[in-house]
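Participant:
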Amino acid sequence: MLHMSLNSFSILINLAKPKSTSQLALSLANLTHLVLTGVPSDRPGKR
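Okay, structure coming up:
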């Protein structure tokens, strides 16, 4: 599970190509939300 999370994180970083620490933090927050809930945080109407 940890390996899958790290792999997902790497993919997310490659897609987001963060240009600042705030962008990196946002990507990390989105990944954390996805891992904890199984629902992308940018999905409207889903909590």
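Start counting the sequence shown at 9; every next residue gets the next number (the numbering used here). For glycine and all other residues, C-beta sits at the position ideal for the given N, C-alpha and C. Owing to the predicted nature of the structure, the values given are computational and were not obtained by experimental measurement.
(1) According to DSSP, simplified to helix, strand and coil, what is Val43?
(2) Using only the alpha-carbon positions, how far apart do Asn15 and His41 sit?
(3) Which residues in the same chain have their Cβ closer than 6 angstroms to the Cβ of Phe17, if we skip the five residues on either side of it in sequence?
Facilitator: In this structure, then:
(1) Annotated three-state conformation of Val43 is helix, per DSSP.
(2) Spanning the two alpha carbons is a distance of roughly 16 angstroms.
(3) If we look at Phe17 and ignore the five residues flanking it on each side, its Cβ neighbours are Leu39.
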